[in-house]
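K.L.:
Per my numbering, the sequence shown starts with residue 4, numbered consecutively.
Glycine residues also receive a C-beta, built at the ideal position from the N, C-alpha and C atoms.
Fair warning: this is a prediction, and the values are worked out from it, not measured in the lab.
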Amino acid sequence: MQITEALISEPGDIRRFVQQAVDHWPHLLAFYFTHHSAEGNINGQQIHAFCTSFYRQVHERITERNHMASPASPLVLRWLREQHGGATIRCLLLLSQTSICHPRASVTVDEQCSQVVDLLQHSWQVISAGGQCRVERCFRVARGDTSGQYVALKTAALSLGLPVVTAITHRPVQRCTLITAQ
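(1) For residue 133 and residue 90, what's the separation of their Cα atoms in angstroms?
(2) Check residue 41 in the structure and name its three-state DSSP category.
(3) Which stretch, first to last residue, makes up the beta strand (DSSP E) that contains residue 146?
(4) Over what stretch of residues does the alpha helix (DSSP H) that includes residue 124 continue unbroken?
(5) Please report the distance separating the alpha-carbon of residue 135 from that of residue 116.
(6) Once DSSP output is grouped into helix, strand and coil, what is the label at residue 156?
(7) Please name the residue in 45, 24, 57 and 19 whose C-alpha comes closest to that of residue 131.
(8) Distance check for residue 21 and residue 126, CA to CA, integer angstroms please.
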């Protein structure tokens, strides 16, 4: 698993980051949440451990689902989070709806969203003893949609305190080399 981070401090860069996710995925899910630490300031190591733990749990569920249904595309998670170190940090998770809810699965998007919320909360409680992860809103945005959900998502992203850390979590593609006999 690989996490690529960047620090951005311009609202235009935040809008671009969100727009890239909307353009990339036909059906985007986004979760706006707040981490609270009972232990004091939240540090980068805790955030990295949280992102890693959450990614692994979602990846395990996808792998499990792939044995029952058809394969999913590689899991990519896009994150926006406030950079400042305090006992509270607001975050936004963006991912493809098909990552967690395959179109042919019998589970509804609402049920899968509820499971993602549970995973977010559980992952943070493991990292921050006594801490809380409060999911404030879930957004569903279809590519090309410029109405309510899209506007609300951009507004939530722009409400994060600047500067903002962007992160993309994914599993690097394994390259295979074909060896031929001569």
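P.N.:
Per the coordinate set shown:
(1) Taking the straight line joining both Cα atoms gives about 12 Å.
(2) Three-state DSSP puts residue 41 in coil, outside helix and strand.
(3) No beta strand (DSSP E) holds residue 146; DSSP gives it neither H nor E.
(4) The continuous alpha helix (DSSP H) containing residue 124 extends over residues 112 to 130.
(5) Distance between the alpha carbons of residue 135 and residue 116 is about 18 Å.
(6) If DSSP states are grouped into helix, strand and coil, residue 156 belongs with the helices.
(7) Out of 45, 24, 57 and 19, 45 has the C-alpha closest to the C-alpha of residue 131.
(8) If you draw a straight line from the Cα of residue 126 to the Cα of residue 21, it comes to about 24 Å.
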